[in-house]
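Visitor:
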DNA sequence: GATGAATGAGGATTCATTCAT
DNA sequence: CATGAATGAATCCTCATTCAT
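Protein chains in written order, with the UniProt record's numbering: chain E, 1 to 209; chain F, 1 to 209; chain B, 1 to 209; chain L, 1 to 209.
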């Protein structure tokens with residue numbers, strides 16, 4: 001059963017497909033992410049996804065075990081990628097200020113690169129927390145939070161960051177401001193991703209006054 | 001028909017009910033707001049609401065025309081109250097810095113006072129934008145945005161606020177950071193509402209560095 | 001319980017009511033007949049009736065045991081009145097041709113006088129046939145049919161009516177043509193009740209050619 | 001999606017199905033027509049239809065968008081067929097008397113061939129008039145009426161039909177007498193379709209006296 | 001008599017999912 | 001791989017009816 005295929009699948013070159021072939025799995029996932037992001041997971045039907053992909057609803061089940069499995073894969077891919085990105089920064093950079101800047105810019109870059117997945121995470125992760133099958137979402141979030149807190153704490157310790165702000169609150173402040181942009185940020189709109197990142201960092205570093 | 005009764009209903013004193021009476025409408029609305037906030041509107045069933053209120057699902061319809069009507073009333077009450085609060089600040093305060101502080105604190109106060117309604121707004125307003133029946137949500141949001149932008153622009157004009165930040169981006173930054181707190185803020189938790197408001201304002205005004 | 005009051009109730013003069021009083025029972029019945037006629041019995045809700053009468057749905061049950069009881073009373077009143085009218089003709093008239101004319105004119109007069117009840121009978125009696133509680137509808141119809149058949153048979157026997165038509169078919173033909181007029185006949189419209197009766201009788205007696 | 005399939009579907013021979021295949025759509029429509037005719041549209045539940053067809057209620061929606069869509073298709077098929085039949089007569093026949101005879105016989109033939117659809121039309125079209133989605137019912141009725149009126153008027157003009165009857169009333173008289181037979185006519189009963197048609201025409205042409 | 005809150009039994013419809021072809 | 005028919009549980013909502021006030 002196709003469903004049993006590893007989520008990571010085979011790299012392009014190893015695929016048995018001809019050059020012109022396209023990965024229906026990937027297409028379905030992309031379509032699902034977009035619909036989940038736009039309409040919400042609950043309001044998106046399997047038929048919506050299938051129609052947007054040009055097949056019938058039943059055919060979805062050749063590729064995924066369930067609608068939930070699609071959500072799962074979207075979130076897992078997103079979170080693991082995000083965590084990887086953050087972890088790389090922490091591993092290589094010693095300067096807290098530099099590290100924070102990179103955390104911020106990587107975040108915006110992810111929003112720019114995979115806005116649907118980000119939106120899905122943003123909108124659904126709250127409700128998913130209670131479901132055992134999605135425990136990993138909370139786990140990833142916690143690991144990510146720890147990375148940020150380490151950077152922020154190091155910054156305070158080294159005197160680069162203000163000492164009178166609660167590190168946890170500062171993290172939530174930054175995190176929410178950044179990820180919320182996915183709701184209004186549109187590629188090709190008034191601001192490009194980098195510009196938003198710069199302005200936000202600027203505002204965050206220097207304050208409004 | 002109770003359904004036709006004004007949304008605002010009669011003030012307590014004018015009610016013909018005895019002391020022990022309680023307003024089932026209000027109770028249902030409160031219960032619905034909580035469930036909508038926790039599970040999402042789509043995943044909350046009318047039965048969920050009814051059971052939480054101790055009546056049968058069908059009985060809901062004696063008080064509200066539909067599940068959507070409950071959502072509508074929750075959002076309308078929230079938005080009109082919020083707009084009133086903001087408008088009062090703008091009308092009475094000349095100092096932009098003072099006005100911004102009040103905008104921030106009123107926001108946190110609303111989050112503290114009606115967290116469920118805030119969460120519902122936060123989670124559902126995006127998807128509702130496309131539905132004609134909820135056009136007023138967008139209209140209110142636009143009016144509120146204009147208030148904030150006026151305050152911020154005035155602050156820049158008077159030299160109180162930094163001139164090199166885009167006013168619109170600054171608004172979105174502040175707005176998202178503040179309203180997102182509804183997702184993790186819990187009354188009686190580690191931080192109280194005022195403390196969060198102060199820290200956020202502090203961070204926002206002075207920056208992280 | 002008011003419901004237990006005899007359907008025939010007390011004559012006006014014996015009523016304990018003041019002059020200005022009006023009979024809510026009768027009003028409800030009239031309203032119900034109109035709605036049953038216009039929307040069909042199944043599609044008419046008790047609330048429809050109550051609202052049209054200016055009371056609440058629950059209050060209906062002070063006057064009638066059920067929605068079905070209202071239908072029952074409408075049909076019973078109609079059928080007993082109709083049967084009375086027909087029986088009076090048969091009792092007093094010997095000339096078949098004269099008797100048939102009277103049957104026809106009485107029919108149109110009833111349609112004119114109680115169009116809603118007629119329409120209800122016309123529309124609902126078919127489906128009611130299977131319900132035991134409405135067995136009397138079939139019984140009345142049969143008695144009425146027998147009256148008509150006697151008149152028609154007598155007319156054939158006396159040589160007034162054509163001998164080559166099946167009496168039963170002729171009855172159905174006449175009956176259906178007449179009662180169907182209730183669907184399009186409107187008091188104050190192009191034709192008045194008497195004119196329609198005359199034309200129909202004329203057509204029926206002399207034929208189209 | 002089967003629902004989207006043309007109402008007329010593909011002719012048997014073109015169907016990809018094996019010999020044993022039967023058209024569930026057609027079966028459902030036939031079952032629905034019978035139930036609508038017997039119990040009325042409002043009192044017939046989707047479950048009734050499904051059970052009579054040997055499937056579950058939800059499965060109906062694989063074939064039809066709604067219960068109303070089934071009614072719609074039944075009426076549309078009936079009316080378009082009827083109109084076609086009438087129009088063919090008007091187009092090919094010059095003699096009004098001959099034309100009227102054909103109109104009458106075609107009517108009875110339709111009643112005989114599709115009694116359920118006729119009964120549904122007879123019982124429901126009145127209430128449907130007010131619903132916009134069924135405006136075409138009134139439109140068809142008007143076109144059909146015009147055909148009959150043209151034939152009757154031509155008959156009067158050529159001196160074949162009595163000049164002293166109102167053409168419109170005559171049409172209604174004939175129409176109602178004929179179509180009402182669907183309520184009592186049963187194939188295989190005392191009278192066959194042709195016999196009823198002959199007797200009715202006979203009575204109509206020559207009159208009762 | 002009337003009110004209005006509540007009941008509880010459906011009813012139409014949706015939808016994730018299965019499976020034979 | 002895809003189809004399309006079917007399932008069955010769940011959902012929103014309706015409505016006749018009851019009953020305490």
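Backbone N, C-alpha and C fix where the C-beta goes; we use that ideal spot for every residue, glycine too.
Compute the Euclidean distance between the alpha carbons of residue 210 of chain E and residue 192 of chain F, then round it to the nearest angstrom.
Guide: With chain E covering 1 to 209 only, the question about residue 210 of chain E has no answer from this structure.
Visitor: Determine whether the Cβ of residue 39 of chain F lies closer than 9 Å to any Cβ atom of chain E.
Guide: Against the second chain, residue 39 of chain F aligns to sequence position 39. So, interface residue.
Visitor: To the nearest angstrom, how far is it from the Cα of residue 153 of chain L to the Cα of residue 78 of chain B?
Guide: As a working note, residue 153 of chain L is residue 153 in the fourth chain. As a working note, residue 78 of chain B is residue 78 in the third chain. Spanning the two alpha carbons is a distance of roughly 37 Å.
Visitor: Answer yes or no: does any C-beta atom of chain E fall closer than 9 Å to that of residue 23 of chain F?
Guide: Sequence index remark: in the second chain, residue 23 of chain F carries index 23 (1-based). It does not; no Cβ of chain E falls within 9 Å.
Visitor: Quick check on this structure: which residue in E:132, E:74 and E:56 has the alpha carbon closest to the alpha carbon of residue 47 of chain E?
Guide: Here residue 47 of chain E refers to the residue found at position 47 when the first chain is read from its first residue. It is E:56.
Visitor: By Cβ distance, which residues of its chain are closer than 7 Å to residue 27 of chain E, with the 5 residues on each side in sequence left out?
Guide: On the first chain, residue 27 of chain E is found 27 positions in, with the first residue counted as 1. The answer, listed in chain order, is 53.
Visitor: Where do the ends of the alpha helix (DSSP H) carrying residue 27 of chain E lie?
Guide: As a first step, residue 27 of chain E is located in the first chain; it is residue number 27 there, counting from the start. 24-39 is the extent of the alpha helix (DSSP H) around residue 27 of chain E.
Visitor: Start and end of the alpha helix (DSSP H) containing residue 86 of chain B?
Guide: Translated into the one-based positions of the third chain, residue 86 of chain B becomes position 86. Residues 67-92.
Visitor: Pick helix, strand or coil for residue 131 of chain F, following the three-state DSSP scheme.
Guide: Here residue 131 of chain F refers to the residue found at position 131 when the second chain is read from its first residue. DSSP places residue 131 of chain F in coil when its eight states are reduced to three.
Visitor: Given that residue 173 of chain E touches chain F, what residues does it touch there, using C-beta distances under 7 Å?
Guide: Position 173 of the first chain, counted from the first residue, corresponds to residue 173 of chain E. In chain order: 177, 200 and 203.
Visitor: Report all residues from its chain with a CB closer than 6 Å to the CB of residue 131 of chain F; omit the five preceding and five following residues, and keep chain order.
Guide: Locating residue 131 of chain F in the second chain gives position 131, counting from the first residue. Contacts found: none.
Visitor: Have a look at F:112, F:138, F:101 and F:111 and flag the residue whose alpha-carbon is nearest the alpha-carbon of residue 124 of chain F.
Guide: Position 124 of the second chain, counting from 1, holds the residue named residue 124 of chain F. Per the Cα distances, F:138.
Visitor: Would you say residue 207 of chain B and residue 205 of chain L are within 9 Å of each other, going by their C-beta atoms?
Guide: Along the third chain, read from residue 1 onward, the residue named residue 207 of chain B stands at position 207. Along the fourth chain, read from residue 1 onward, the residue named residue 205 of chain L stands at position 205. Yes, these two residues count as a Cβ contact at 9 Å.
Visitor: Report the rounded CA-to-CA distance for residue 189 of chain F versus residue 119 of chain E, giving the unit in angstroms.
Guide: As a working mapping, residue 189 of chain F is identified with position 189 in the second chain. As a working mapping, residue 119 of chain E is identified with position 119 in the first chain. Spanning the two alpha carbons is a distance of roughly 27 Å.
Visitor: Going by the CB atoms, is the gap between residue 104 of chain F and residue 147 of chain F shorter than 9 Å?
Guide: On the second chain, residue 147 of chain F is found 147 positions in, with the first residue counted as 1. On the second chain, residue 104 of chain F is found 104 positions in, with the first residue counted as 1. For residue 147 of chain F and residue 104 of chain F, no; Cβs fall outside 9 Å.
Visitor: Alpha carbons only, please: which of F:61, F:141, F:157 and F:174 is nearest the one belonging to residue 81 of chain F?
Guide: Along the second chain, one-based indexing puts residue 81 of chain F at 81. It is F:141.
Visitor: Which residue from L:194, L:199, L:209 and L:186 puts its Cα closest to that of residue 106 of chain L?
Guide: In the fourth chain, the residue the question calls residue 106 of chain L occupies position 106. Of the listed residues, the one whose Cα sits closest to residue 106 of chain L is L:194.
Visitor: Since residue 43 of chain L is in the alpha helix (DSSP H), which residue starts that stretch and which ends it?
Guide: Position 43 of the fourth chain, counted from the start, is the residue given in the question as residue 43 of chain L. Counting along the chain, residue 43 of chain L falls outside any alpha helix (DSSP H), and DSSP gives it neither H nor E.
Visitor: For a test of the three-state rule: what should DSSP assign to residue 105 of chain B, helix, strand or coil?
Guide: Here residue 105 of chain B refers to the residue found at position 105 of the third chain. DSSP places residue 105 of chain B in helix when its eight states are reduced to three.
Visitor: Check residue 217 of chain E in the structure and name its three-state DSSP category.
Guide: Only positions 1 to 209 of chain E appear in this structure, which leaves residue 217 of chain E out of reach.
Visitor: Using Cβ-Cβ distances below 9 Å, what residues of the region 64-87 of chain L are close to chain B?
Guide: Listed in sequence order: no entries.
Visitor: Taking buried to mean at least 16 other C-beta atoms within 10 Å of its own C-beta, is residue 114 of chain L buried or exposed?
Guide: Looking up residue 114 of chain L in the fourth chain gives position 114. When all chains shown are included, residue 114 of chain L counts as buried.
Visitor: Taking the alpha-carbon positions, what's the residue 179 of chain B to residue 102 of chain B distance?
Guide: One-based indexing of the third chain puts residue 179 of chain B at position 179. One-based indexing of the third chain puts residue 102 of chain B at position 102. When rounded, the distance between both Cα atoms is 15 Å.
Visitor: So is residue 11 of chain B buried or exposed if we call it buried at 16+ other beta carbons inside 10 Å?
Guide: Here the question's residue 11 of chain B lines up with position 11 in the third chain. The pLDDT assigned to residue 11 of chain B is 41, lower than 50, so where the model puts this residue is not dependable; a value taken from the coordinates is nonetheless given after this. Exposed is the call here.
Visitor: For the alpha helix (DSSP H) holding residue 175 of chain F, just list the boundary residues, first then last.
Guide: Taking the second chain and counting its residues from 1, the one referred to as residue 175 of chain F is at position 175. Per DSSP, residue 175 of chain F belongs to the alpha helix (DSSP H) from 167-180.
Visitor: Output needed in chain order: residues of the region 100-126 of chain F with a Cβ under 9 Å from some Cβ in chain E.
Guide: For the region 100-126 of chain F, which is checked against every Cβ of chain E, the residues closer than 9 Å are 100, 119, 123, 124 and 126.
Visitor: Answer with yes or no whether the minimum CB distance from residue 42 of chain L to chain B is below 9 Å.
Guide: Your numbering for residue 42 of chain L matches position 42 in the fourth chain. Closer than 9 Å: yes.
Visitor: Report the residue from L:45, L:144 and L:129 whose alpha carbon sits nearest the alpha carbon of residue 86 of chain L.
Guide: One-based indexing of the fourth chain puts residue 86 of chain L at position 86. Per the Cα distances, L:144.
Visitor: Step through the CB atoms of chain B and report whether any lies within less than 9 Å of the CB of residue 170 of chain L.
Guide: Here residue 170 of chain L is taken as the residue at index 170 of the fourth chain, counted from 1. For residue 170 of chain L, the answer is yes, since a Cβ of chain B falls inside 9 Å of its Cβ.
Visitor: Which residues mark the beginning and the end of the alpha helix (DSSP H) in which residue 60 of chain L is found?
Guide: The residue labelled residue 60 of chain L in the question sits at position 60 within the fourth chain. It spans 60-63 - the alpha helix (DSSP H) in which residue 60 of chain L sits, taken as one unbroken run.
Visitor: Just to make sure I have the definition right: I need the residues of chain B whose C-beta is within less than 9 Å of the C-beta of residue 184 of chain L. Which are they?
Guide: Counted from its first residue, the fourth chain places residue 184 of chain L at position 184. Going along chain B in sequence order, the residues near residue 184 of chain L (Cβ under 9 Å) are 172 and 176.
Visitor: Taking the alpha carbon of residue 70 of chain F as the reference point, which residue from F:171, F:100, F:24 and F:92 has its own alpha carbon closest?
Guide: The residue given as residue 70 of chain F occupies position 70 in the second chain. Cα-wise, what sits closest to residue 70 of chain F is F:24.
Visitor: Whose Cβ in chain F lies nearer than 7 Å to the Cβ of residue 212 of chain E?
Guide: Because chain E in this structure spans residues 1 to 209, residue 212 of chain E falls outside the shown range and cannot be described.
Visitor: Taking buried to mean at least 16 other C-beta atoms within 10 Å of its own C-beta, is residue 22 of chain L buried or exposed?
Guide: Start at 1 with the first residue of the fourth chain, and residue 22 of chain L comes out as number 22. The residue in question, residue 22 of chain L, is exposed, as its Cβ has fewer than 16 Cβ neighbours within 10 Å.
Visitor: Check residue 152 of chain L in the structure and name its three-state DSSP category.
Guide: Along the fourth chain, read from residue 1 onward, the residue named residue 152 of chain L stands at position 152. In the structure shown, residue 152 of chain L sits in a helix (DSSP, three-state: H, G or I).
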